[in-house]
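Trainee: Before I ask anything, here is the structure I am working with.
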Amino acid sequence: MQRSVYFVLGCLVIILSVFLAFWGLDQVDLEASENIYVADAIGYLRRDPYMAPRQHLGKPHAPASPHPFLVQFLTAEIFKYFGLSLFTARLLQSGSLVMSALVVMFLARRIFKTASVAIVSGLVYTTFPLVVRYSRMAVLDPILALVQGLGAVWLWELIQSTGKMVYLYAFFVGMSVGLSLSIKLTGIFYVLFVAIGLFWYKFKLRPQNFFRVFLIIILTGVLVFYLFNDPASYIFAWTHFSDPRHKSISLISMIKGLVAVDYWLPFAVTLIGIVPVLLLLSSLPNLVHGRKSASIIFIAAWMMASIYLVINPAHITGLSSEWAYLPIMLPLALIVGKLLWTFGRRLRFLRYNQIIFLLMGIYLLLATPTLVFFGLRYASLPLPNLAHGRNAVMGDLSVMRIIKTLNQDSQPSLVLVKLKGIELPLWLLNNNIITEPFYHELSAYDYVVTDDMKLITQTKANNFITKVAAKNQTEPEVFLLYQRKID
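So that you can map any letter, position 406 of the sequence shown is 406 in the UniProt record's numbering, and since no number is skipped, the others follow by simple counting.
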């Protein structure tokens, strides 16, 4: 009876994750970072002669993302089979939210040996506003989080095993290392987690067996890495950063990032949630000074894979954004899930089934406001680093309205696109539409898309009429003007 209850609750958590992952996925315009990765995928899909996936890092092109090409390749395959849309552009990342929730539940079950903790941890992960918000974006970190989560599963199994299965687990750990390196440059820090795990495991095996495990991980990782990356290009990317903002990384920026209370307070409340934060703060003394179990050591080592968040505080340097915290949310969900269940077990007058129902119900009730407002983007994030940047909410579709209006014209059209504060996903335009920057006289164009008031004045003086004027909350107004032909 108890098993069937846990199974049903686990299924409900997965159903909730599916809903949160895919509902309204195409109801927000692409952000600048999304446009970069998607444009790369489109270039590969359309066989851009300048596109070289393995050498992507060493031979950047416009637009160029300073990261490996694996996610863009997978996105191109999705476009190939399911078509071009905002939904399919984010489909891979949204699917990773569901898969990561499964990983959290499976790993919690294996580490804590309790189905209750597994289900609660899955619910916590699924309802983190940060997870929902940024797993619904076409960026690299949701996939990085999933791959590192799977790697954590295999590493835990490897550490706990002594039989011949260790070699299979070592193979999968090696795969996770190679894939992590092939998704994002910061994936290299995941190697630190694996190294700590191997050092721990070293004391459980005879030296010759440990050497075999170590060799399998290294060879598999190198093979997978080489399959997706040219080593020389990868080294080039680490030694020739194209973004000048990397120069702002310093000891001072690290200290500023850590003590920025005006950032961390709203971050904690809106993207983590009040209940997890209170649980973590109240249990911090015990976590630091208490007995260190194998599970706590493992989770702490896992969190070390995100040490780059301290080295490069995105809210200070401007490199990356809040989605960079996605990989650390999996181990954090395990900790919060365990703390929540420990708290619930104090209710000794209730049975286990009653405790888990009560815990899940109360937690979901308390988590819903921030989940809806900030996870599902019904409100702008009150973060200081976003005060003068893009902070889109559900229904911000000014760019898509312009795209749809242009696509209604079945005649061949020449369109001038001159935008300063927003980007237009040109890959969503029909084939009869040709876009280019300002190379001709205005009279040569059928349409003009711009957010520049000076150009708008010029176009209106040249017999153009406003067709669409659309504006998102935190972005400049974008005008689509068409030329009225005079016979």
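For every residue, glycine included, the Cβ atom is placed at its ideal position computed from N, Cα and C.
Bear in mind the structure is a predicted one, so any value in this text is a computation, not a measurement.
Buried or exposed: where does Arg348 fall if 16 or more other Cβ atoms within 10 Å of its Cβ makes it buried?
Mentor: Here residue 348 is taken as the residue at index 348 of the sequence shown, counted from 1. Answer is exposed; the Cβ neighbour count stays below 16.
Trainee: Inspect the CB distances between the stretch 35-51 and the stretch 413-428 and report whether three or more fall short of 8 Å.
Mentor: Taking 8 Å as the limit for Cβ pairs, the verdict is that the stretch 413-428 does touch the stretch 35-51.
Trainee: Can you find the residues in the same chain that come closer than 8 Å, C-beta to C-beta, to Leu84, ignoring five residues on each side of it along the sequence?
Mentor: The residue you call residue 84 lines up with position 84 of the sequence shown. Result list for Leu84: Ile42, Trp427, Leu428, in chain order.
Trainee: If I'm right that Phe241 touches Gly178 with Cβ under 8 Å, what's the distance once you round it to whole angstroms?
Mentor: On the sequence shown, position 241 is the one that residue 241 refers to. On the sequence shown, position 178 is the one that residue 178 refers to. That belief does not hold up - the Cβ atoms of Phe241 and Gly178 are roughly 23 Å apart, past 8 Å.
Trainee: What would DSSP say about Tyr190, mapped onto helix, strand or coil?
Mentor: Counting from 1 along the sequence shown, the entry for residue 190 is found at position 190. Three-state result, Tyr190: helix.
Trainee: Excluding the five sequence neighbours on either side, which residues of its own chain have a C-beta within less than 8 Å of the C-beta of Leu279, listed in chain order?
Mentor: On the sequence shown, position 279 is the one that residue 279 refers to. Val336, Leu339, Leu340, Phe343, listed in sequence order.
Trainee: Can you give me the start and stop residues for the alpha helix (DSSP H) that Glu475 sits inside?
Mentor: Working through the sequence shown from its first residue, we reach residue 475 at position 475. Counted as a single uninterrupted DSSP element, the stretch harbouring Glu475 is not any alpha helix (DSSP H), since DSSP gives it neither H nor E.
Trainee: Can you look up Ile433 in the DSSP assignment and give me helix, strand or coil?
Mentor: Position 433 of the sequence shown, counting from 1, holds the residue named residue 433. Assignment of Ile433 by DSSP, reduced to helix, strand and coil, places it in the strand class.
Trainee: Measure from the alpha carbon of Ala118 to the alpha carbon of each residue in Val13, Val124, Tyr439, Ala108, then state which is nearest.
Mentor: As a working note, residue 118 is residue 118 in the sequence shown. The shortest C-alpha separation from Ala118 is found at Ala108.
Trainee: Should residue 530 go down as buried or exposed, given a rule of 16 or more other Cβ atoms within 10 Å for buried?
Mentor: Because residue 530 is not part of the residues shown, which for the chain are 1 to 487, the question remains open.
Trainee: With DSSP as the reference, label Lys184 as helix, strand or coil.
Mentor: Here residue 184 is taken as the residue at index 184 of the sequence shown, counted from 1. It is coil, neither helix nor strand.
Trainee: Do you know whose CA, among Gly187, Lys184, Val131, Ala301, lies nearest Phe199's CA?
Mentor: Along the sequence shown, read from residue 1 onward, the residue named residue 199 stands at position 199. Nearest in C-alpha terms to Phe199, of all of Gly187, Lys184, Val131, Ala301, is Ala301.
Trainee: If you drop the 5 nearest sequence neighbours on each side, which residues of the same chain put their C-beta closer than 8 Å to that of Gly318?
Mentor: The count along the sequence shown starts at 1 and reaches residue 318 at position 318. Result list for Gly318: Arg245, Ser248, Asn385, in chain order.
Trainee: Whole angstroms is fine: what's the gap from Leu455's alpha carbon to Asp243's?
Mentor: Start at 1 with the first residue of the sequence shown, and residue 455 comes out as number 455. Start at 1 with the first residue of the sequence shown, and residue 243 comes out as number 243. Roughly 29 Å separates the two Cα atoms.
Trainee: Note down, in chain order, each residue of its chain lying with its Cβ closer than 7 Å to the Cβ of Pro412, except the 5 sequence neighbours on either side.
Mentor: As a working note, residue 412 is residue 412 in the sequence shown. Same-chain partners within the cutoff: Asn432.
Trainee: Could you give the first and the last residue of the continuous beta strand (DSSP E) run that contains Phe464?
Mentor: In the sequence shown, the residue the question calls residue 464 occupies position 464. Unbroken beta strand (DSSP E) run through Phe464: 464-470.
Trainee: Report back the beta-carbon spacing between Thr450 and Tyr308 to the nearest angstrom; my notes put them in contact at under 8 Å.
Mentor: The residue given as residue 450 occupies position 450 in the sequence shown. The residue given as residue 308 occupies position 308 in the sequence shown. The Cβ separation is near 38 Å, so there is no contact.
Trainee: Just verifying my parser: in three-state terms, what is the DSSP assignment at Ser4?
Mentor: The residue you call residue 4 lines up with position 4 of the sequence shown. Correct three-state label for Ser4: helix.
Trainee: Assuming Val173 contacts Ile217 (C-beta within less than 8 Å), just tell me the rounded distance between them.
Mentor: Here the question's residue 173 lines up with position 173 in the sequence shown. Here the question's residue 217 lines up with position 217 in the sequence shown. Contact flag correct, Cβ pair sits at about 5 Å.
Trainee: Rounding to the nearest angstrom, what Cα-Cα distance links Val417 and Ala89 in this structure?
Mentor: As a position in the sequence shown, residue 417 is number 417, starting the count at 1. As a position in the sequence shown, residue 89 is number 89, starting the count at 1. The straight-line gap from Cα to Cα measures roughly 22 Å.
Trainee: Going straight from the alpha carbon of Tyr363 to that of Thr239, what length do you get?
Mentor: In the sequence shown, counting from the first residue as 1, residue 363 sits at position 363. In the sequence shown, counting from the first residue as 1, residue 239 sits at position 239. For Tyr363 and Thr239, the distance between alpha carbons rounds to 46 Å.
Trainee: From what residue to what residue does the beta strand (DSSP E) around Ser413 run?
Mentor: Position 413 of the sequence shown, counted from the start, is the residue given in the question as residue 413. Per DSSP, Ser413 belongs to the beta strand (DSSP E) from 413-418.
Trainee: How big is the Cα-Cα spacing for Gln483 and Asp452?
Mentor: On the sequence shown, position 483 is the one that residue 483 refers to. On the sequence shown, position 452 is the one that residue 452 refers to. Spanning the two alpha carbons is a distance of roughly 17 Å.
Trainee: So Val449 is in the beta strand (DSSP E); what residue range does that whole segment cover?
Mentor: If you number the sequence shown from 1, residue 449 lands on position 449. Taken as a continuous stretch (DSSP letters only), the beta strand (DSSP E) holding Val449 covers 447-450.
Trainee: If we cut at 8 Å on Cβ distances, does Leu340 have a partner in chain D?
Mentor: This model lacks chain D altogether; it includes just one protein chain.
Trainee: According to the neighbour-count rule (16 or more other Cβ atoms, all chains shown, within 10 Å of its Cβ), is residue 514 buried or exposed?
Mentor: Not covered by the structure: residue 514. The range shown for the chain is 1 to 487.
Trainee: What are the boundary residues of the alpha helix (DSSP H) that includes Pro425?
Mentor: Mapped onto the sequence shown, residue 425 falls at position 425. Per DSSP, Pro425 belongs to no alpha helix (DSSP H) and is neither H nor E.
Trainee: Is Tyr378 helix, strand or coil by DSSP?
Mentor: Walking along the sequence shown from the start, residue 378 turns up at place 378. Here Tyr378 sits in coil by DSSP.
Trainee: May I have the straight-line CA-CA distance separating Pro63 from Arg3, to the nearest angstrom?
Mentor: Counted from its first residue, the sequence shown places residue 63 at position 63. Counted from its first residue, the sequence shown places residue 3 at position 3. Reliability of the predicted coordinates at Pro63 is poor, the pLDDT of 40 falling under 50, and the value obtained from them is presented with this limitation in mind. For Pro63 and Arg3, the distance between alpha carbons rounds to 51 Å.
Trainee: Say whether the stretch 124-133 touches the stretch 159-174, bearing in mind that this needs 3 or more beta-carbon pairs closer than 8 Å, one atom from each stretch.
Mentor: no
Trainee: Would you mind listing the alpha helix (DSSP H) stretches within the stretch 218-281 that are 4+ residues and don't spill past its ends, in chain order?
Mentor: 231-239, 251-259, 261-267
Trainee: Does DSSP classify Leu57 as helix, strand or coil?
Mentor: The sequence position of residue 57 within the sequence shown is 57, counting from 1. When secondary structure is reduced to three states using DSSP, Leu57 falls in the coil class, being assigned neither helix nor strand.
Trainee: Are the CB atoms of Val478 and Phe464 nearer to each other than 8 Å?
Mentor: Numbered from its first residue, the sequence shown carries residue 478 at position 478. Numbered from its first residue, the sequence shown carries residue 464 at position 464. In this structure, Phe464 does not lie closer than 8 Å to Val478 by Cβ.
Trainee: Short check: CB of Leu383 to CB of Tyr263, under 8 Å?
Mentor: As a position in the sequence shown, residue 383 is number 383, starting the count at 1. As a position in the sequence shown, residue 263 is number 263, starting the count at 1. The answer is yes: Cβ separation under 8 Å.
Trainee: Using only alpha-carbon positions, find the residue among Phe19, Ser380, Phe214, Leu258 that is nearest to Leu91.
Mentor: For the purposes of this step, residue 91 is taken as residue 91 along the sequence shown, with counting starting at 1. Nearest C-alpha to Leu91: Phe19.
Trainee: Considering Cα atoms alone, identify which of Val120, Met137, Arg46, Ala305 is closest to Asp26.
Mentor: What you label residue 26 is simply residue 26 of the sequence shown in a count that begins at 1. Considering only alpha carbons, the answer is Met137.
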